[in-house]
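One structure below.
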Amino acid sequence: MFTTGFKFFFGLFAAFCAAALVYGYTTGGNHVGPLSLGWKGGVGDHIGYGVLVGLAGVSLTISLVLVSFRDADAAAQAHLQNLAEVPTDQPVSASFWPVAASFGAGAAAVGSVLHPMVFVLGLAVIVLSTVEWTMDAWADRATGDAAVNRELRNRIMAPIEIPV
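Residue numbers (this note's numbering): 69 to 232.
Printed below as a string of C-alpha cells:
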C-alpha cells in the first residue's frame, strides 16, 4: 500500500525527471546525454538540467522516507503491524519555538541589509529553534505517558541545552 505522501512526491520525481529530459534535449543536448546524466554526451544547459535532476533526487528521497515511515499515519502503521485497533494520537504541547524561529527569520532579513553579523545571528536562531522544535514534537509523541516523554527529551537534549 502506497501512502499519499509517497504518491505525491514520487509523482514530483517523475515530473522532474521528464522535465530534465525535455530541458536537456531542447537546450542542445545530444541523443544520449540527458539519459545518461551527461556521462555519454552533452546535456545542453548544465545549470537548468542540474537543478531539475537535483529536484528529482530530493523528491525521490522524500518519497522513499515517507513510504518507509508510513507518512506517520497511525492507521497505516497499525495495518502494517497487524494490530486490532488503531493507537490514539497524543496531543502535542504548546511550543514557543515557531515564534523564536520567526524572530530569527526577521533578524536574518534585517541582517541581510544591515550587517553580516546580524544575518548570521538570525540564521543561528533559526537553526537552534528548528532543532528544539523538532525534539519537542518528537518527544510529545514518543510514548503515551507525558512524564516518560519529558524524561526522554531531557535525556537527549539536557547535555546540549545545559553545558557542563
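A virtual CB, placed ideally from N, CA and C, is assigned to each residue, including glycine.
Compute the minimum distance between the beta carbon of residue i and the heavy atoms of the ligand PLP, and state whether it is under 8 Å.
| i | result |
| --- | --- |
| residue 222 | Of the ligands one can find in the structure shown there are none, so the ligand PLP has no counterpart to examine. |
Between the C-alpha atoms of residue i and residue j, what's the straight-line distance to the nearest angstrom?
| i | j | result |
| --- | --- | --- |
| residue 130 | residue 177 | 28 Å |
| residue 128 | residue 179 | 35 Å |
| residue 114 | residue 83 | 18 Å |
| residue 194 | residue 225 | 17 Å |
| residue 223 | residue 103 | 49 Å |
| residue 211 | residue 192 | 30 Å |
| residue 201 | residue 218 | 14 Å |
| residue 98 | residue 126 | 26 Å |
| residue 229 | residue 165 | 14 Å |
| residue 207 | residue 227 | 16 Å |
Taking residue i as the reference, give the member of the options with the closest Cα.
| i | options | result |
| --- | --- | --- |
| residue 209 | 87, 221, 72 | 221 |
| residue 118 | 153, 136, 96, 91 | 91 |
| residue 188 | 200, 174, 215 | 174 |
| residue 112 | 125, 170, 96 | 96 |
| residue 171 | 154, 156, 153, 197 | 197 |
| residue 42 | 86, 74, 182 | The structure shown does not extend to residue 42, since the chain is modelled only from 69 through 232, so no value can be given for it. |
| residue 88 | 73, 116, 75 | 116 |
| residue 70 | 136, 203, 120 | 136 |
| residue 168 | 101, 190, 75 | 190 |
Which first and last residues belong to the alpha helix (DSSP H) in which residue i is found?
| i | result |
| --- | --- |
| residue 201 | 184-208 |
| residue 75 | 72-94 |
| residue 162 | No alpha helix (DSSP H) contains residue 162, which DSSP labels as neither H nor E. |
| residue 230 | Segment: none, residue 230 is in no alpha helix (DSSP H) and carries neither H nor E. |
Run through DSSP, which three-state label would residue i get?
| i | result |
| --- | --- |
| residue 152 | coil |
| residue 222 | helix |
| residue 166 | helix |
| residue 211 | coil |
| residue 171 | helix |
| residue 180 | helix |
| residue 105 | coil |
| residue 98 | coil |
| residue 111 | coil |
Using 9 Å as the limit for Cβ to Cβ distance, is residue i near chain C?
| i | result |
| --- | --- |
| residue 110 | In the structure shown, chain C does not exist; there is a single protein chain. |
At least three beta-carbon pairs within less than 8 Å, the region 147-163 to the region 105-113: no
Pairing CB atoms from the region 155-168 with CB atoms from the region 74-94, are three or more of them under 8 Å? no
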